[in-house]
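Asks: Heads up: the sequence lines are chains A and B, in that order.
Each number in my numbering corresponds to the 1-based position in the first sequence with 81 added.
Each number in my numbering corresponds to the 1-based position in the second sequence with 81 added.
Number of protein chains: 2
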Amino acid sequence: MRIAIVGCGVVGSSWALVFARAGHDLAIYDHSEAAAIAAVDFVENSDPALAAHCRVASSLADALSGADYVQESAPERLPVKQALYREIDGLLDAATIVASSTSGLPASSFTEGLTIGPRCLVAHPINPPHLIPLVELVPAPWTSPETLTFTRDLMTDLGQSPITLTREINGFVVNRLQSALLGEAFRLVEDGICTPEEVDAAVADGLGLRWCFMGPFATIDLNAANGIAEYCANLGPMYHGLAKEQADPRPWGPDLVAAIEDRMRGHVLATDLPQRRTWRDRFLAAIVSAKRDITKDVGA
Amino acid sequence: MRIAIVGCGVVGSSWALVFARAGHDLAIYDHSEAAAIAAVDFVENSDPALAAHCRVASSLADALSGADYVQESAPERLPVKQALYREIDGLLDAATIVASSTSGLPASSFTEGLTIGPRCLVAHPINPPHLIPLVELVPAPWTSPETLTFTRDLMTDLGQSPITLTREINGFVVNRLQSALLGEAFRLVEDGICTPEEVDAAVADGLGLRWCFMGPFATIDLNAANGIAEYCANLGPMYHGLAKEQADPRPWGPDLVAAIEDRMRGHVLATDLPQRRTWRDRFLAAIVSAKRDITKDVGA
């Protein structure tokens, strides 16, 4: 398939690798040609044989010409997206699908009234998509069912794990789940119950060890002899009580953030953050690979 | 060290294995002698050499005699705990520490007024502790600092990962974090945004892959160029907006639970839940082992 990569920051470059390793041919475009070249370098550094699948497009029109699918990862600013989609609308072939990597802007906010509107949607990855399979597909009200089906099938063929939201909602699914956990994490630290490092340990040495291969429903389904309904009957009232205590939506105030920042910088200096990201990506790649092997061994 | 295991259900048996493999000598007691024998069998099935460290105690007094530390995992019913701790209070040596595995009952609710009160606390594992290292230590108002220090050091020596709460709070830390995530998970399904399976995929194929080795704070610290303070400045208002949308504490109603139960039983029959738990424990053991190897390779 012919894929256009539009926007070559961290997310766009990672997407380029996802499509190239699946054997697709890529036209790679960024407002900055240096960024587009860097994306090709990123793919080539991962696997030199993949460079043959990539070409740097000389213009947006050049990138879109003949494309079957566009993965757009432009900056997360609404006026930028709106101008870009108007431009794409004037250039695109009749059948091309356009997916935005946006984590926060609904497709309806930048595709309203466009001819291509029914062929546009959000395909939001968790960064970086070449390591993390989950992609959430979010339709605008005018996104066609065929567009959703096409993109879901494409993502599955790529080896990603797509979920399809029925409609637009703030934060989509991933950031709503993260929001809920972060809200309680900040609350526990603000209330002096434990340190940020202890919240992190509760997840990384505890809850997260289950959540990396079972979601929250599958987890509680196994935590009562007769499954999730029994679990909810036994513990639903307790969780409802906790939910009431967690219901105050607090801003993350400057003193609280500064205190947490101080603790984090005690472990990783600001100047060491880039190499810490390299560590994270190495760990992620190894965990994903281990999970694949374990799944082969004990089943999914 | 001489350890008394009091209560031999799933949690107590797993604790027995944790202590035995660290080389401690165990006196194992349950109201049902068959349960105590089953716990020794569980340890022996894991490693036959460890059986020599275990003896079945003939009575609670026999189990406590000479014990340095008691791990109590009796049923989660307040009157049961209260009666048991009154009995222990009359039997115990002057220096012995008593930790309860309770997931929901604060130590103050069953140790008030007892001589042993200052030497009692909650040491709540995530099940099963022989696979998941996190243990949350929760003091009653009268728990002595020495009791906390002793237990934290013991847990660290065992290879567990202890966190120490400053005070009692409903749900402790682990279930409060789980509550926040579950609340949003049920909300997304109730509002028809996506299926339970898709929520599970969002975690197991997405967020959970980071959370199994980085907590929520460490995760967002790496998601802005200059660290967590920049992340909060950029995205704090967005998360505060989501928190307001997530603030309604909803009960898990019977229709919602029945609908989710139906979906779950479409994947795992009720009669297959026991073997699914075996699968979970095999997956957990393999993930924890892989994480240990990866940490050796790329660092913590």
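Note that CB positions come from ideal geometry on N, CA and C, so glycine has one too.
Would you list, in sequence order, the uninterrupted alpha helix (DSSP H) runs of no fewer than 4 residues that lie entirely inside the region 263–340 of chain B?
Replies: Correct list: 277–283, 289–292, 297–302, 309–326.
Asks: Can you list the residues of chain B that arginine 358 of chain A reaches, using a CB-CB cut of under 7 Å?
Replies: By one-based count along the first sequence, residue 358 of chain A stands at place 277. In chain order: Leu303.
Asks: Return the residues of the region 103–125 of chain A that lie within a Cβ-Cβ distance of less than 9 Å from chain B, sorted by chain order.
Replies: From the region 103–125 of chain A, no residue has a Cβ closer than 9 Å to chain B.
Asks: What's the C-alpha gap between cysteine 293 of chain B and leucine 337 of chain B?
Replies: In the second sequence, the residue the question calls residue 293 of chain B occupies position 212. In the second sequence, the residue the question calls residue 337 of chain B occupies position 256. So the alpha carbons of these two residues sit roughly 29 Å apart.
Asks: Note the first and the last residue of the continuous alpha helix (DSSP H) segment covering glutamate 168 of chain A.
Replies: By 1-based counting over the first sequence, the position of residue 168 of chain A is 87. 159–172 is the span of the alpha helix (DSSP H), which, as asked, contains glutamate 168 of chain A.
Asks: Name the two residues that bound the continuous alpha helix (DSSP H) containing arginine 83 of chain B.
Replies: For the purposes of this step, residue 83 of chain B is taken as residue 2 along the second sequence, with counting starting at 1. Element bounds for arginine 83 of chain B: not the alpha helix (DSSP H) but the beta strand (DSSP E), 83–87.
Asks: Please report the residue range of the alpha helix (DSSP H) in which valine 124 of chain B lies.
Replies: The residue you call residue 124 of chain B lines up with position 43 of the second sequence. It spans 114–127 - the alpha helix (DSSP H) in which valine 124 of chain B sits, taken as one unbroken run.
Asks: In whole angstroms, what is the alpha-carbon distance linking leucine 316 of chain A and serine 184 of chain B?
Replies: To locate residue 316 of chain A, count along the first sequence from 1; it is residue 235. To locate residue 184 of chain B, count along the second sequence from 1; it is residue 103. Going from the Cα of leucine 316 of chain A to the Cα of serine 184 of chain B covers about 11 Å.
Asks: What three-state label does DSSP hand glutamate 342 of chain A in the structure shown?
Replies: Here residue 342 of chain A corresponds to residue number 261 of the first sequence, with the count starting at 1. Glutamate 342 of chain A: helix per DSSP, three-state reduction.
Asks: So, helix, strand or coil for histidine 134 of chain A, using DSSP?
Replies: On the first sequence, position 53 is the one that residue 134 of chain A refers to. Here histidine 134 of chain A sits in helix by DSSP.
Asks: Between which two residues does the alpha helix (DSSP H) harbouring glutamine 356 of chain A extend?
Replies: Taking the first sequence and counting its residues from 1, one reaches residue 356 of chain A at position 275. Start and end: 354–379.
Asks: Would DSSP call serine 140 of chain A helix, strand or coil?
Replies: In the first sequence, the residue the question calls residue 140 of chain A occupies position 59. If DSSP states are grouped into helix, strand and coil, serine 140 of chain A belongs with coil.
Asks: Shorter than 8 Å from the beta carbon of alanine 266 of chain B to some beta carbon of chain A?
Replies: Residue numbering aside, residue 266 of chain B sits at position 185 when the second sequence is read from its first letter. Yes, alanine 266 of chain B counts as interfacial toward chain A.
Asks: Buried or exposed for glycine 389 of chain B, please, with buried defined as at least 16 other CB atoms from any protein chain shown within 10 angstroms of its CB.
Replies: Here chain B covers residues 82 to 381 and nothing more, so residue 389 of chain B does not appear.
Asks: Within 8 Å of any Cβ in chain B, is that where the Cβ of glutamate 271 of chain A sits?
Replies: In the first sequence, the residue the question calls residue 271 of chain A occupies position 190. Chain B, which has no Cβ nearer than 8 Å to the Cβ of glutamate 271 of chain A, makes this no.
Asks: If you follow the beta strand (DSSP E) that threonine 228 of chain A is part of, which residue opens it and which one closes it?
Replies: What you label residue 228 of chain A is simply residue 147 of the first sequence in a count that begins at 1. Segment 226–239 is the alpha helix (DSSP H) holding threonine 228 of chain A; no beta strand (DSSP E) there.
Asks: Taking the C-alpha atoms as reference points, what is the distance between leucine 229 of chain B and alanine 97 of chain B?
Replies: Along the second sequence, read from residue 1 onward, the residue named residue 229 of chain B stands at position 148. Along the second sequence, read from residue 1 onward, the residue named residue 97 of chain B stands at position 16. Their backbone Cα atoms lie some 21 Å apart in a straight line.
Asks: Got a sec, what are the start and stop residues for the alpha helix (DSSP H) leucine 98 of chain A sits in?
Replies: As a working note, residue 98 of chain A is residue 17 in the first sequence. It spans 91–102 - the alpha helix (DSSP H) in which leucine 98 of chain A sits, taken as one unbroken run.
Asks: List the DSSP bridge partners of isoleucine 244 of chain B.
Replies: Here residue 244 of chain B refers to the residue found at position 163 when the second sequence is read from its first residue. In DSSP, isoleucine 244 of chain B forms a bridge with B:Glu217.
Asks: Considering only DSSP beta bridges, list what isoleucine 178 of chain A is partnered with.
Replies: Start at 1 with the first residue of the first sequence, and residue 178 of chain A comes out as number 97. A:Tyr150, per the DSSP bridge assignment.
Asks: Applying a beta-carbon distance threshold of less than 7 Å, which residues of chain A neighbour leucine 218 of chain B?
Replies: The count along the second sequence starts at 1 and reaches residue 218 of chain B at position 137. In chain order: nothing, as chain A lies at least about 10 Å away.
Asks: Can you find the residues in the same chain that come closer than 8 Å, C-beta to C-beta, to leucine 105 of chain B, ignoring five residues on each side of it along the sequence?
Replies: Along the second sequence, one-based indexing puts residue 105 of chain B at 24. Before going further, note that residue 105 of chain B is histidine rather than leucine in the sequence given. Counting only Cβ-Cβ distances below 8 Å, and skipping sequence neighbours, we find Met82, Arg83, Ile84, His134.
Asks: Does the beta carbon of arginine 257 of chain B come closer than 8 Å to any beta carbon on chain A?
Replies: Here residue 257 of chain B corresponds to residue number 176 of the second sequence, with the count starting at 1. It does; some Cβ of chain A falls within 8 Å.
Asks: Could you spell out the range, first to last residue, of the beta strand (DSSP E) harbouring aspartate 111 of chain A?
Replies: The sequence position of residue 111 of chain A within the first sequence is 30, counting from 1. Counting along the chain, aspartate 111 of chain A falls outside any beta strand (DSSP E), and DSSP gives it neither H nor E.
Asks: Compute the beta-carbon to beta-carbon distance between valine 91 of chain A and asparagine 208 of chain A, rounded to the nearest angstrom, for a pair I have assumed lies under 8 Å.
Replies: Along the first sequence, read from residue 1 onward, the residue named residue 91 of chain A stands at position 10. Along the first sequence, read from residue 1 onward, the residue named residue 208 of chain A stands at position 127. Right, their Cβ atoms sit about 7 Å apart.
Asks: Could you tell me whether the Cβ of threonine 247 of chain A comes closer than 8 Å to any Cβ of chain B?
Replies: In the first sequence, counting from the first residue as 1, residue 247 of chain A sits at position 166. Closer than 8 Å to some Cβ of chain B, the Cβ of threonine 247 of chain A qualifies, so yes.
Asks: Taking Cβ positions only, does serine 242 of chain B come closer than 8 Å to chain A?
Replies: Along the second sequence, one-based indexing puts residue 242 of chain B at 161. At least one chain A Cβ lies under 8 Å of serine 242 of chain B.
Asks: Taking C-alpha atoms, which residue in A:Ile341, A:Thr300, A:Leu202 lies nearest to leucine 269 of chain A?
Replies: On the first sequence, residue 269 of chain A is found 188 positions in, with the first residue counted as 1. Per the Cα distances, A:Ile341.
Asks: Below 8 Å between beta carbons is the criterion; list the residues of the region 321–339 of chain A that meet it against any residue of chain B, in chain order.
Replies: Answer in chain order: His321, Gly322, Leu323, Ala324, Lys325, Glu326, Gln327, Ala328, Asp329, Pro330, Arg331, Pro332, Trp333, Val338, Ala339.
Asks: When you compare only the Cα positions, how much space is there between leucine 239 of chain B and arginine 102 of chain B?
Replies: The sequence position of residue 239 of chain B within the second sequence is 158, counting from 1. The sequence position of residue 102 of chain B within the second sequence is 21, counting from 1. Computed Cα separation, rounded: 9 Å.
Asks: Let me confirm a value: alanine 176 of chain B is counted as buried when at least 16 other C-beta atoms fall within 10 Å, else exposed. Which label applies?
Replies: Stepping through the second sequence from its first residue, residue 176 of chain B is reached at position 95. Alanine 176 of chain B is exposed by the Cβ-count criterion.
Asks: Pull up the CB-CB distance for leucine 290 of chain B and arginine 358 of chain A, whole angstroms please, since I reckon it's below 8 Å.
Replies: Position 209 of the second sequence, counted from the start, is the residue given in the question as residue 290 of chain B. Position 277 of the first sequence, counted from the start, is the residue given in the question as residue 358 of chain A. Rounded, the Cβ-Cβ distance is 15 Å, inconsistent with contact.
Asks: Look at the alpha carbon of arginine 344 of chain A and the alpha carbon of alanine 324 of chain B, and state the distance between them as a whole number of angstroms.
Replies: As a first step, residue 344 of chain A must be located in the first sequence, where it is residue number 263. As a first step, residue 324 of chain B must be located in the second sequence, where it is residue number 243. Those two C-alpha atoms are separated by around 24 Å.
Asks: Can you tell me the Cα-Cα spacing of arginine 361 of chain B and proline 199 of chain A, whole angstroms?
Replies: Along the second sequence, one-based indexing puts residue 361 of chain B at 280. Along the first sequence, one-based indexing puts residue 199 of chain A at 118. Approximately 42 Å, taken between the alpha carbons.
Asks: Where does alanine 188 of chain A fall in DSSP's three states?
Replies: Against the first sequence, residue 188 of chain A aligns to sequence position 107. Residue state, collapsed to three classes: coil.
Asks: Using the beta-carbon count (16 or more within 10 Å), is glutamate 279 of chain B buried or exposed?
Replies: Here residue 279 of chain B refers to the residue found at position 198 when the second sequence is read from its first residue. Buried, because 16 or more other Cβ atoms sit within 10 Å of the Cβ of glutamate 279 of chain B.
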